[in-house]
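>
Protein chains: 4
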Amino acid sequence: MANWRSAWLLVVVACGAAQAVELPDTSVERPRAREAGVVIGLLPTGPRNAIVDVPGVAVGHATVFEGDAIRTGVTAILPHPGDLYRERVPAAIVIGNGYGKLLGVSQVAELGELETPILLTGTLGVWRAADALVGWQLAKPGMEEVRSLNPVVGETNDGYLNDIRARPLRAEHVVHALEIASTDNVQEGAIGAGTGTVAFGWKGGIGTSSRRLDEGQGGHTVGVLVQSNYGGRLTIGGMALDDVRPERTASRGANDVPPATGDGSIMIVVATDAPLDDRLLRRLAARALLGVGRTGSSMSNGSGDYVIAFSTAREVRRSGDTARHAQQLLSNESMSPLFDAVVEATEEAIINSLFRATTTRGHRGNVPALPLERVLPRLRRAVDAAP
Amino acid sequence: MANWRSAWLLVVVACGAAQAVELPDTSVERPRAREAGVVIGLLPTGPRNAIVDVPGVAVGHATVFEGDAIRTGVTAILPHPGDLYRERVPAAIVIGNGYGKLLGVSQVAELGELETPILLTGTLGVWRAADALVGWQLAKPGMEEVRSLNPVVGETNDGYLNDIRARPLRAEHVVHALEIASTDNVQEGAIGAGTGTVAFGWKGGIGTSSRRLDEGQGGHTVGVLVQSNYGGRLTIGGMALDDVRPERTASRGANDVPPATGDGSIMIVVATDAPLDDRLLRRLAARALLGVGRTGSSMSNGSGDYVIAFSTAREVRRSGDTARHAQQLLSNESMSPLFDAVVEATEEAIINSLFRATTTRGHRGNVPALPLERVLPRLRRAVDAAP
Amino acid sequence: MANWRSAWLLVVVACGAAQAVELPDTSVERPRAREAGVVIGLLPTGPRNAIVDVPGVAVGHATVFEGDAIRTGVTAILPHPGDLYRERVPAAIVIGNGYGKLLGVSQVAELGELETPILLTGTLGVWRAADALVGWQLAKPGMEEVRSLNPVVGETNDGYLNDIRARPLRAEHVVHALEIASTDNVQEGAIGAGTGTVAFGWKGGIGTSSRRLDEGQGGHTVGVLVQSNYGGRLTIGGMALDDVRPERTASRGANDVPPATGDGSIMIVVATDAPLDDRLLRRLAARALLGVGRTGSSMSNGSGDYVIAFSTAREVRRSGDTARHAQQLLSNESMSPLFDAVVEATEEAIINSLFRATTTRGHRGNVPALPLERVLPRLRRAVDAAP
Amino acid sequence: MANWRSAWLLVVVACGAAQAVELPDTSVERPRAREAGVVIGLLPTGPRNAIVDVPGVAVGHATVFEGDAIRTGVTAILPHPGDLYRERVPAAIVIGNGYGKLLGVSQVAELGELETPILLTGTLGVWRAADALVGWQLAKPGMEEVRSLNPVVGETNDGYLNDIRARPLRAEHVVHALEIASTDNVQEGAIGAGTGTVAFGWKGGIGTSSRRLDEGQGGHTVGVLVQSNYGGRLTIGGMALDDVRPERTASRGANDVPPATGDGSIMIVVATDAPLDDRLLRRLAARALLGVGRTGSSMSNGSGDYVIAFSTAREVRRSGDTARHAQQLLSNESMSPLFDAVVEATEEAIINSLFRATTTRGHRGNVPALPLERVLPRLRRAVDAAP
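Protein chains in written order, with my numbering: chain A, 1 to 387; chain B, 388 to 774; chain C, 775 to 1161; chain D, 1162 to 1548.
(1) Would you mind telling me which residues of chain C sit closer than 9 angstroms to K1262/D, beta carbon to beta carbon, in chain order?
(2) What residues of chain C sit near R1297/D, judged by a beta carbon separation below 9 angstroms?
(3) May I ask you to report which of helix, strand or coil DSSP gives Q574/B?
(4) According to DSSP, simplified to helix, strand and coil, what is P1498/D?
(5) Hey, would you say L876/C sits closer than 9 angstroms to S1267/D, going by beta carbons?
(6) Alpha carbon to alpha carbon, how far is L763/B from A420/B? Give it in angstroms, no decimals.
(7) Let me know the secondary structure DSSP gives A1432/D once reduced to three states.
(8) When you compare the CB of R1148/C with every CB in chain D, is at least one pair closer than 9 angstroms?
(9) Classify A20/A as helix, strand or coil using the three-state DSSP reduction.
(10) So, with DSSP's three-state summary, where would you put N1416/D?
(11) Does the Cβ-Cβ distance between V1430/D and V1477/D come in under 9 angstroms?
(12) Spell out a yes or no on whether the region 216–236 of chain A and the region 191–207 of chain A are touching, meaning 3 or more CB-CB pairs, one atom from each, closer than 8 angstroms.
(13) If you follow the alpha helix (DSSP H) that S106/A is in, where does it begin and where does it stop?
(14) Can you tell me where the beta strand (DSSP E) holding D692/B begins and where it ends?
(15) Mind listing the chain D neighbours of A62/A? Cutoff is C-beta to C-beta under 9 angstroms, in chain order.
(16) Measuring CB to CB, does A1449/D end up less than 9 angstroms from T1507/D?
(17) For the region 325–357 of chain A, which residues have a CB atom closer than 9 angstroms to at least one CB atom of chain C, in sequence order?
(18) Can you find a CB in chain C that lies within less than 9 angstroms of the CB of G218/A?
(19) Identify whether L78/A lies in helix, strand or coil by the three-state DSSP scheme.
(20) Leaving aside the five residues before and after H1241/D along the sequence, list all residues of the same chain whose C-beta is less than 6 angstroms from its C-beta, in chain order.
(21) Quick check on the DSSP output: what are the complete alpha helix (DSSP H) runs of length 4 or more inside the region 664–693 of chain B, in order along the chain?
(22) Would you say the region 277–284 of chain A touches the region 239–248 of chain A, given that touching needs at least three Cβ pairs under 8 angstroms?
(23) Return the Cβ separation of R986/C and T995/C in integer angstroms, given the expectation that the two are a contact with Cβ distance under 8 angstroms.
(24) Along the region 1444–1476 of chain D, what residues have a CB closer than 8 angstroms to any CB found in chain A?
(25) Please report the straight-line C-alpha distance between S414/B and T747/B, rounded to a whole angstrom.
(26) Which residues in the same chain as A445/B place their Cβ atom closer than 6 angstroms to its Cβ, once the five residues preceding and following it in sequence are excluded?
(27) Tell me, please, whether the CB atom of I869/C is closer than 9 angstroms to any CB atom in chain D?
(28) If we define contact as Cβ-Cβ less than 9 angstroms, is S1426/D a contact residue for chain A?
(29) Whole alpha helix (DSSP H) runs in the region 926–981 of chain C with 4 or more residues, listed along the chain?
(30) According to DSSP, is G394/A part of a helix, a strand, or is it coil?
(31) Measuring CA to CA, which of G993/C, P925/C, F839/C and L935/C is closest to H947/C?
(32) Identify the contact partners of G1273/D in chain F, using a Cβ-Cβ distance below 7 angstroms as the criterion.
(33) Count the other C-beta atoms from every protein chain shown that fall within 10 angstroms of the C-beta of G993/C, then say buried if there are 16 or more, exposed otherwise.
(34) Around the C-beta of D518/B, are 16 or more other C-beta atoms found within 10 angstroms, so that it is buried, or is it exposed?
(35) When the distance is taken between beta carbons, is Q714/B closer than 9 angstroms to L1322/D?
(36) Quick one: is the Cβ of G1012/C within less than 8 angstroms of any heavy atom of the ligand SAM?
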């Protein structure tokens, strides 16, 4: 995938909606947090500072941006390039606040494994996304006799920028995201499942980050991808940005302002090549929520805050055909460095989603991008104050 | 709804598939368990011995029976006739074995309430069913500004009798089941979500039962509806029927026999008019699994065994518009009689599903009805042996 | 241990309470269920039909029977004869009804392992039992630097036969049970933690049973030990014994009758040599509750119904000293025969606890043993009625 | 209680250990965070900025400081001054990381209520503390017929400063903490259960804080009390204090340094007068962990991070004598301000525990107090950098 704009054009064409539409303001100049000098935590990142630093993990976006009111999309995360149904990866889901429609929860809890890619999308699109994923996967060679499949599909509510009740997501969008998924750099911001999301009153979206432990701690990588759509008291690197607040510009009426409160949601996908089983992954996933908290969230009532974690390590994969699995697992005692890593990577992935997202006009109004020109001087002053 | 056959014809017509098909053997003579003298437990039933004995609860089926291979359907359970979104009922979900795709689990756990009807259907139809339910409910008057909804849709795998990979369920089936839902008698057996299910190697399906506590214990009713599709060592009223086993008749090949093992699933819906909150409902739901165990199940690996419980009592309903809810709750100490009731009603609902289901031929073969002519003499001898 | 009566005498002497007390009626003639022709389920038992059929598992009882009113004790279950702190076994706890004081729950859930033996005792004795267990284990060689330990101690309420408020359990009782624990036959009935318990209005206590899978299913053994102290509608082998009910003989006043309701509790310990991790053990433990249900329980409000399961397989043990564990685990798909085994063994262990327990007089009255002379003819008639 | 030093003397005298011991450095000058100008969050505090701002809540400490090596204690939190057994308060426990011995977990989860005060103490003292609490409560008037009680006792590991294996806690310490519990100001720092704890390599201990919502949001108070004994990257008000690190001074050998890692634990008690049931309290408790995360924790493997929350509102109390409870509950939608409150109060309570704790020498060495003279200038510079 050359760049995300061409990917998006592909989708529009595929959907037969190739008429002129208002393109989002994709100023390529918006930097990632670290490029702007904002460093979260102490651990080094992987080479691309992205979930795809975990070898084999691929990400694909389909952006659904149509007319004045359709601002949604889907993001696919594939744990490895092989046959997921037959080479399952251990997985766990942790729920910070269960106000959300994440599909597949109970089977992952029972069997401790993923057998499909993960999809993220907008709230009212989850069921069609799941149906499309199932159709796509059942049509693969070797799946002819499979009659059950547990798709894992998460969502946040993009209903301010997107005419969510129109349920515009279609199967071809899902297939597109799955088919173009790549282990290359992950596009961030207002793209894929992040097309219409809002975070802290600013444009949110997709963000990613990674951490790599040194060899003495196992040399493992933890990668995180988020779909940010929540709120609270925006805090970057520990600094609460109380004086940088979005003006509310209502397009149609008094109530038509972007979500003012913390309501909304965040979906967090955690990948690692550390050999963890589902219990250890559950422990890892639980820590990601601490990273959310550090950005100023208190997981408000209406916020669906979910973490899905999986391990790509070959020594923990499960073939459906054998009566026994040989595993090489990390011990409980080896987990703490991974916990540090996931907290840092989650916080930075969220900040990246805000830094990279661009001002977007949509269904019920306009949501501005985080004004880096105001934010960065504030953060630099704080850094200068440190010793 | 006059009788289920005409309801079924309605559906077939609605689907434009009104050509001649092999009708299921709906011998009206097949009795319910209690009509045949098989009495489960000690407590009295409600007047109809059905989930609709809980005032306000309605049930609707849409049967999708097309050609040689489509044997599926959907069953809708509506907790009350009002606006469920604005008059929510407390609810809880308990998972015996989480191998299944029940949608809506995490939000029910977090918020402790239902805001939509419950649907049951076949495994690969859950996502379309949920999508259709959402469309139906969002189109209702007063729902114009609603942008999030948490449908609860369960499933069992009807992939032996039904060409499940064809995913034949369509939105109109779901709407039909919702629209015709009635507080009258519940049709049982090979109907609705039970059209293609198999239990203990025999034809399973929908079954229902109820219990009513005496006034000294509160006078509450507990109603249960099941979609039976699981297995084990079939046990009726405590008697294991080891010598009454279905012959396996493969229609197409050596593997084409009905599920021999306990794999499959059971969905259990529990309704009560006792004023219970979500915690007390979770406690109630957990006991329903004991009723499953009494029929000979050990909740095998591939069996998704789920219980969804809700209370219809007005004093525990929740309006979304108020900051406070007044509640009148039963105490923990008052729960034990309800626990007895739900165990008995679940066991009897399952037996009813087997007694009422009729021999069905479908996609991969033929599944016989439980041969009552062999079973009943066995059970009568046991009863005669009792004092 | 030669026989349980001499073990009991040891304890009494150790406690300096060797004056004459009313000995329980330990008629050696009371058979186990299977010896009396009552066969539960279809699977074969292990050689001793006891939890000690799982190699390495040891059980020890200390019976505290003093004066007219002290009827309690402690039962210790040791997963293997080695250093449990350094060779931990995977474990899981499942809660049917959480009305109970089982200690150690949260750490077992988090870390998925046992690092101490398991103790069972009476309700108000759990804390002293745990304290004594910790003292015993910390005093072992090699434990000098250990400053944290997670004892797992369960209980049921023996407060009818036992003057529970006197809290008579002492550290030496606990040490005795741990020290004499043996891999030989397990004594059942009114002994150890079962000294003062009541089940279905009859004298309950300790019971055990096992199942052994054939080699084609892995050849694994599942062993169960219960402390029965609950109630419901007593059902043996599927037959409800409504006409065999204890007369209530109050010793001191109108309220001084044995528990009439299902309140009470049951503690269930499940051991297996199948290589299971904590998630698979959690799945196994959940099924044990179905065995409880088959005996007529609906897990009443006041009944604390807990299952603790562990695996003794060497290939899943965890040394605290290594960063990685190699494991050989059963697959999800291999679990169903183990599920059948644990349901059957739990049901039979409960029946054994009733068959072996003897009439006991204590603090608030007398609790008769289950009258086998009335029960067995009833069960035989039912068996004769079967084909 | 005039001041904590005299309270401590009381205990020492009560224990017959009144010989001269090295008193802790209780420089009365150490301020609370807010007194030193460190303000956490945006919401106003209650009048005393303490858990006792929730009307009726009382706190009592017993400090066990004996010789060179005994540095432990117990802290009691009483939800209201009445008969807790008969006027139970709704309660919930949330586990961030379950490496810990918190007693009472499963019954609180099942019944959703507290029936005893809460105790905090050192790890190996929990069982004796629970036993003493039970004895104390069973001896109260009106408790003569009570034969079951579920004490809730938490712990963190004070095994660096305290000779934890000596298990010095005795019943009289527990009774003392319960009897002197007061609704007055709460003493913080190295006192009670905080006597021997270590946080971030500095002396930790007891800390407390509160928040009060304005009347428009219900006017409710949320109070938090912590026992801090964990670690990570110390962060105060968002500022990571990487350059303020304790020197490790080993007293006896290379390994005798205070815990360098995040291992340890934190116990958090949350009280509120908002009318919440156990589910809403569970939601509230889950947010407290975000406050822990903001101080720099990633909930390391060995850290037992627990939250116990209860509501004192009269309209949700439960009498054991009635078949029904009338409740006035907050709605889900009213919870978000309370979530903000608990995150802020938890973070501030932790900072208070560090600000108030004093340098303590004990079993294996010396743990310095957080050097406020270095920390405060750092924090002031950061505040000055803000707009």
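All C-beta atoms, glycine included, are put in the ideal place defined by N, C-alpha and C.
For this structure:
(1) Listed along the chain, the chain C residues whose CB falls inside 9 angstroms of the CB of K1262/D are L877, G878, S880, Q881, A904, S922, L923, N924 and P925.
(2) According to the sequence displayed, residue 1297/D carries Trp and not Arg. Ordered by position in chain C, no residue passes the 9 angstroms Cβ test against W1297/D, which lies about 13 angstroms from the chain.
(3) It is coil, neither helix nor strand.
(4) Three-state DSSP puts P1498/D in a helix.
(5) Taking 9 angstroms as the cut-off, the Cβ atoms of L876/C and S1267/D count as close.
(6) Using only the alpha carbons, I get a separation of about 10 angstroms.
(7) Residue state for A1432/D is assigned as strand, using DSSP reduced to three classes.
(8) By the rule that beta-carbons nearer than 9 angstroms mark a contact, R1148/C does not touch chain D.
(9) Bear in mind that the predicted position of A20/A carries a pLDDT of just 34, short of 50, making it too unreliable to give a figure here.
(10) Bear in mind that a pLDDT of 40 at N1416/D, under 50, signals an unreliable position, so the number given afterwards is only what the model happens to contain. Three-state result, N1416/D: coil.
(11) V1477/D is positioned such that its CB atom lies no closer than 9 angstroms to that of V1430/D.
(12) With a cut-off of 8 angstroms on Cβ pairs, the region 216–236 of chain A is in contact with the region 191–207 of chain A, counting three or more such pairs.
(13) S106/A -> alpha helix (DSSP H) spans V105 to L111.
(14) Secondary structure note for D692/B: its beta strand (DSSP E) is the uninterrupted segment S690 to S698.
(15) What A62/A touches in chain D: nothing, since even the nearest Cβ is about 33 angstroms away.
(16) Result yes, Cβ atoms of A1449/D and T1507/D sit closer than 9 angstroms.
(17) For the region 325–357 of chain A, the set of residues with a beta-carbon nearer than 9 angstroms to any beta-carbon of chain C comprises H325, A326, Q327, Q328, L329, L330, S331, N332, E333 and S334, in chain order.
(18) Judged by the 9 angstroms Cβ criterion, G218/A is in contact with chain C.
(19) Residue state, collapsed to three classes: strand.
(20) G1217 and T1473.
(21) Counting only runs of 4+ residues, the alpha helix (DSSP H) found wholly inside the region 664–693 of chain B occupies 665–681, in chain order.
(22) No contact exists between the region 277–284 of chain A and the region 239–248 of chain A.
(23) The Cβ separation is near 5 angstroms, so the contact holds.
(24) Hits within the stretch, in order: R1444, A1447, R1448, L1450, L1451, G1452, V1453, G1454, R1455, S1458, S1459, M1460, S1461, N1462 and G1463.
(25) Its pLDDT being 49, under 50, S414/B is placed unreliably by the model, and the measurement read from it follows with that caveat. Going by C-alpha positions, S414/B is about 12 angstroms away from T747/B.
(26) Closer than 6 angstroms at Cβ, skipping near neighbours: L465, A568, S569 and T570.
(27) Taking 9 angstroms as the CB threshold, I869/C lines the interface with chain D.
(28) It does not: the Cβ of S1426/D has no partner Cβ on chain A nearer than 9 angstroms.
(29) For the region 926–981 of chain C, whole alpha helix (DSSP H) runs of length 4 or above, ordered along the chain, are 945–953.
(30) Here chain A has residues from 1 to 387 only, and residue 394/A is not among them.
(31) Checked all of G993/C, P925/C, F839/C and L935/C; the closest Cα to H947/C is F839/C.
(32) The structure shown contains no chain F; the protein chains it does contain are A, B, C and D.
(33) Classification of G993/C: exposed, given that the 10 Å Cβ count is below 16.
(34) Its Cβ being crowded by 16 or more others within 10 Å, D518/B is buried.
(35) Cβ distance not < 9 angstroms, so L1322/D and Q714/B don't count as in contact.
(36) This structure lacks the ligand SAM, and indeed carries no ligand of any kind.
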